[in-house]
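Taking mature numbering (1 follows the signal peptide of the UniProt record, and there is no 0), I'd label the letters of the sequence shown as residues -18 to -1, 1 to 106. In what follows, a structure is listed as structure tokens, so that the remarks can point back to it.
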Amino acid sequence: MALSKRALAGLGLLGCLAACSNGGKTPPLYSWQDFPTQQYLYLKEQTDPQAQIIVLEKDVQKAQAKGLALPPGFHAHLGMLYATTGRTDLAQQEFSQEKTLFPESTTYMDFLLNNLGQKAQPSS
């Protein structure tokens, strides 16, 4: 009788594990694509900001086509690249988008937005 209880318990455990498993195919939370590589290249100063913008804009289109969200920091990085190339209007949009999607970034995004406003104004 003890053996049948063990066998039953083992089958029950196996059934629970099978029910919890989805075949190992957990859908990704974010569409990372080339983002980590682009960050690395930027920090190593091995790429042109405009070239990065082109790659990241394509990543945005791919993520939208797949219905996936972009990862934390993506919009902030893209905004920084826009600011570097003088497109402060697009930088502001990206910083605001980062703030909306990831409220924990609000303090830093506000700091960047304030600095962006100062850089956009002519010196007195």
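Every residue, glycine too, gets a C-beta built ideally from N, C-alpha and C. Treat the numbers as computed from the prediction; the structure is a model and nothing was measured.
Inset, instruction - Could you spell out where the alpha helix (DSSP H) holding P31 opens and where it closes? - result: P31 to K48
Inset, instruction - Let me know if P53 comes out buried or exposed under the rule of 16 or more other beta-carbons within 10 Å of its beta-carbon. - result: buried
Legend entry - Same chain, Cβ closer than 6 Å to A45, neighbours up to 5 away in sequence not counted: S13 and L52
Inset, instruction - Would you kindly check if the distance between the Cβ of L98 and the Cβ of A58 is under 7 Å? - result: no
Legend entry - Backbone CA spacing between L94 and Q34 [nearest angstrom]: 20 Å
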